[in-house]
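Novice: After the structure tokens below, expect a handful of questions from me.
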Amino acid sequence: MKTGIIGARGAGKSTVFHALTGLAPIPGTADGKARARPGQIKVADPRLDFLETAYGSKKKVPVELTVLDFAPNPKEQKEGAALDVSLIPLIRDLDALLIVIPQFGGLSRELAPTVERIESELVFADFDQAERRMERIKKDRSASDFEKAALEKVIKWLEDGKPLRLMELSAQELQTFSSFGFLSRKPALAVVNCEMEAAASALTNAELDVIHSGGLEVFRLAAAFESELWELDAAGQSEMLREAGLEAPARDRLITALYEHLGLITFYTAGEPEAHGWSLRRGETALEAAAEIHSDIARGFIRAEVVSYEDFAALKSDARVKEAGKLRLEGKDYVMRDGDIIHIRFKV
Numbered sequence: 000m001k002t003g004i005i006g007a008r009g010a011g012k013s014t015v016f017h018a019l020t021g022l023a024p025i026p027g028t029a030d031g032k033a034r035a036r037p038g039q040i041k042v043a044d045p046r047l048d049f050l051e052t053a054y055g056s057k058k059k060v061p062v063e064l065t066v067l068d069f070a071p072n073p074k075e076q077k078e079g080a081a082l083d084v085s086l087i088p089l090i091r092d093l094d095a096l097l098i099v100i101p102q103f104g105g106l107s108r109e110l111a112p113t114v115e116r117i118e119s120e121l122v123f124a125d126f127d128q129a130e131r132r133m134e135r136i137k138k139d140r141s142a143s144d145f146e147k148a149a150l151e152k153v154i155k156w157l158e159d160g161k162p163l164r165l166m167e168l169s170a171q172e173l174q175t176f177s178s179f180g181f182l183s184r185k186p187a188l189a190v191v192n193c194e195m196e197a198a199a200s201a202l203t204n205a206e207l208d209v210i211h212s213g214g215l216e217v218f219r220l221a222a223a224f225e226s227e228l229w230e231l232d233a234a235g236q237s238e239m240l241r242e243a244g245l246e247a248p249a250r251d252r253l254i255t256a257l258y259e260h261l262g263l264i265t266f267y268t269a270g271e272p273e274a275h276g277w278s279l280r281r282g283e284t285a286l287e288a289a290a291e292i293h294s295d296i297a298r299g300f301i302r303a304e305v306v307s308y309e310d311f312a313a314l315k316s317d318a319r320v321k322e323a324g325k326l327r328l329e330g331k332d333y334v335m336r337d338g339d340i341i342h343i344r345f346k347v
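Per numbering that gives the first Met the number 0, the very first residue in the sequence shown carries number 0; after that it's consecutive.
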């Protein structure tokens with residue numbers, strides 16, 4: 000899963016990127032081309048830690064999310080713009096967005112308008128794309144009537160300034176638009192980048208109303224503080240967190256919030272060689288889980304042996320799971336649940 004960090008200049012996007020990944024921000028581009036820098040984030044998972052210990056696994060592989068920082072084309076940056084237009088082609092392929100909103104020096108009055116400006120630019124980019132596609136299919140006699148009708152519906156929605164993540168679309172419409180990469184359709188988390196003293200403060204109801212009205216979730220983050228943690232060893236981090244009255248870095252909670260907002264679940268494969276966490280969209284099946292592990296396993300799928308994490312944690316071994324009748328045999332259409340531990344029978 001790939002998530003991109005966007006926002007206006009000066010919002011602290013690269014600081015948020017460093018806070019999450021520990022990586023330096025992407026440098027400016029000398030050739031004028033917009034670029035992205037990916038960073039991998041391991042999702043903290045106590046359940047995977049337990050499985051590693053229970054199975055005596057030699058290796059632990061947590062779920063990873065990819066977060067991208069961007070260096071825009073300076074020639075296309077507009078003063079006061081909430082979104083750099085040179086980044087639009089780079090963010091169309093993303094699964095989700097982190098929208099960084101600065102809130103320093105008590106400037107809460109600026110938070111809601113900033114969110115609205117960014118959302119407006121995402122909506123306008125989608126409107127422009129849909130309009131250009133409509134112009135093309137009007138000239139194409141082989142274009143389907145269904146796509147034309149679906150586009151008309153989307154254009155009308157966008158004309159009203161509403162993000163597409165609030166619009167109900169049928170399965171066929173979603174399939175029609177699967178290659179469009181509509182920006183305002185993507186799940187998004189508003190990251191309020193603030194000073195450490197304000198990180199634990201609640202937003203006002205008016206601010207929350209603006210953010211939630213667009214289908215966004217919100218997370219407050221003192222990105223500068225979180226970035227400083229990367230400069231310290233484990234003991235230094237613990238001391239800095241203790242002095243701040245914190246038990247763990249906020250980045251872990253932000254990653255979890257993003258993971259949940261994407262509608263992801265975690266399932267596991269575990270044994271002596273390795274304990275492995277895998278991500279899957281909520282509602283996906285055992286066959287899709289098999290494909291996530293390896294395409295050959297999906298092709299040769301026979302049955303899935305499944306036990307819930309809760310049952311395994313209570314019984315602590317495969318033998319006791321079987322004795323208690325908690326191991327289930329499921330077919331390829333079984334809808335996976337968060338925490339399922341799975342072993343797939345397959346033929347080559």
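Virtual Cβ for every residue (Gly too), placed ideally from N, Cα, C.
Note that this is a predicted model, so its numbers are computed, not measured.
#1: In angstroms, rounded to a whole number, what distance separates the CA positions of Asp337 and Ala313?
#2: On the CB-based measure, 16 or more other CB atoms within 10 Å of its CB, does His211 come out buried or exposed?
#3: Do the segment 286-296 and the segment 306-325 make contact, defined as three or more Cβ pairs closer than 8 Å?
#4: Any idea what DSSP makes of Pro112, helix, strand or coil?
#5: Going along the chain, which residues of its own chain have a beta-carbon closer than 7 Å to the beta-carbon of Tyr54, five neighbours each way excluded?
#6: If the criterion is Cβ atoms closer than 8 Å, does the pair Ala222 and Leu96 meet it?
#7: Kindly list the residues whose CB is nearer than 6 Å to the CB of Leu86, restricted to its own chain and excluding five residues on each side of it in sequence; keep chain order.
#8: So the beta strand (DSSP E) Asp68 belongs to, where does it begin and stop?
#9: Tell me whether the beta-carbon of Ala256 lies closer than 8 Å to the beta-carbon of Leu215.
#10: Please go through the same chain and pick out, in chain order, the residues whose beta-carbon is closer than 7 Å to the beta-carbon of Ala290, but skip the five residues on each side of it.
#11: Mapping the DSSP letters down to three states, classify Ala38 as helix, strand or coil.
#12: Can Ile343 and Phe300 be called in contact, C-beta distance under 8 Å?
#13: In whole angstroms, give me the CA-to-CA distance for Leu47 and Lys59.
#14: Are the segment 6-20 and the segment 222-242 in contact at 8 Å, needing three or more beta carbon pairs?
#15: Do you know how far the Cα of Gln171 is from the Cα of Asp125?
#16: Could you tell me whether the Cβ atoms of Val191 and Gln102 are closer together than 8 Å?
#17: For Ser13, collect the residues of the same chain with a Cβ closer than 7 Å to its Cβ; drop the 5 residues on either side in sequence, then sort them by chain order.
#18: Would you kindly work out how many angstroms separate the C-alpha atoms of Phe266 and Ile40, rounded to a whole number?
#19: Based on the DSSP secondary-structure assignment, which residues constitute the bridge partners of Tyr267?
#20: Is it buried or exposed for Gly282, if we count other Cβ within 10 angstroms and need 16 for buried?
#21: Per DSSP, what are the beta-bridge partners of Val334 in this structure?
#22: Just to confirm, is the Cβ distance from Arg91 to Leu182 under 8 Å?
#23: Run through the DSSP bridge pairs and tell me what Leu355 is partnered with.
Specialist: This is what the structure gives:
#1: For this step, residue 337 is matched to residue 338 along the sequence shown. For this step, residue 313 is matched to residue 314 along the sequence shown. Distance between the alpha carbons of Asp337 and Ala313 is about 17 Å.
#2: In the sequence shown, counting from the first residue as 1, residue 211 sits at position 212. Burial state of His211 is exposed, judged by a 10 Å Cβ sphere holding fewer than 16 other Cβ atoms.
#3: No, they do not touch.
#4: Numbered from 1 along the sequence shown, position 113 holds the residue referred to as residue 112. Pro112 falls in the helix class under three-state DSSP.
#5: Residue 54 sits at position 55 when you count from the first residue of the sequence shown. For Tyr54, where only same-chain residues beyond five positions count, the Cβ hits under 7 Å are Ala269, Gly270, Glu271, Ala274.
#6: Walking along the sequence shown from the start, residue 222 turns up at place 223. Walking along the sequence shown from the start, residue 96 turns up at place 97. If you check the CB distance, Ala222 and Leu96 do not come in under 8 Å.
#7: Residue 86 sits at position 87 when you count from the first residue of the sequence shown. For Leu86, where only same-chain residues beyond five positions count, the Cβ hits under 6 Å are Ala33, Phe69, Pro71.
#8: Reading the sequence shown from its first residue, position 69 is the one you call residue 68. That run of the beta strand (DSSP E) goes 63-70.
#9: Residue 256 sits at position 257 when you count from the first residue of the sequence shown. Residue 215 sits at position 216 when you count from the first residue of the sequence shown. No, they are not a contact pair.
#10: Here residue 290 refers to the residue found at position 291 when the sequence shown is read from its first residue. Non-local beta-carbon contacts of Ala290 in its own chain, meaning distances under 7 Å to residues more than five positions away in sequence, involve Ala297 in chain order.
#11: Within the sequence shown, numbered from 1, the residue matching residue 38 stands at position 39. Before going further, note that residue 38 is Gly rather than Ala in the sequence given. Looking at Gly38 - three-state DSSP - the assignment turns out to be strand.
#12: Locating residue 343 in the sequence shown gives position 344, where the first residue counts as 1. Locating residue 300 in the sequence shown gives position 301, where the first residue counts as 1. For Ile343 and Phe300, yes; Cβs fall inside 8 Å.
#13: Locating residue 47 in the sequence shown gives position 48, counting from the first residue. Locating residue 59 in the sequence shown gives position 60, counting from the first residue. Note on geometry: alpha-carbon atoms of Leu47 and Lys59 lie some 8 Å from one another.
#14: Contact between the segment 6-20 and the segment 222-242 is present, because at least three Cβ pairs lie under 8 Å.
#15: Here residue 125 corresponds to residue number 126 of the sequence shown, with the count starting at 1. Here residue 171 corresponds to residue number 172 of the sequence shown, with the count starting at 1. Annotation: Asp125 to Gln171 spans about 19 Å, alpha carbon to alpha carbon.
#16: For this step, residue 191 is matched to residue 192 along the sequence shown. For this step, residue 102 is matched to residue 103 along the sequence shown. In contact: Val191 and Gln102 (Cβ atoms closer than 8 Å).
#17: Position 14 of the sequence shown, counted from the start, is the residue given in the question as residue 13. These residues qualify, in order along the chain: Pro24, Asp68.
#18: Here residue 266 corresponds to residue number 267 of the sequence shown, with the count starting at 1. Here residue 40 corresponds to residue number 41 of the sequence shown, with the count starting at 1. Rounded to whole angstroms, Phe266 and Ile40 show a C-alpha spacing of 18 Å.
#19: Locating residue 267 in the sequence shown gives position 268, counting from the first residue. Bridge partners of Tyr267: Gly276, Ile340.
#20: Position 283 of the sequence shown, counted from the start, is the residue given in the question as residue 282. By the 10 Å Cβ count, Gly282 comes out exposed.
#21: Indexing the sequence shown from 1 puts residue 334 at position 335. Paired residues: Thr284.
#22: In the sequence shown, residue 91 corresponds to position 92, counting from 1. In the sequence shown, residue 182 corresponds to position 183, counting from 1. Yes, the Cβ-Cβ distance between Arg91 and Leu182 is below 8 Å.
#23: This structure does not reach residue 355, given that the chain is present from 0 up to 347, and the question cannot be answered.
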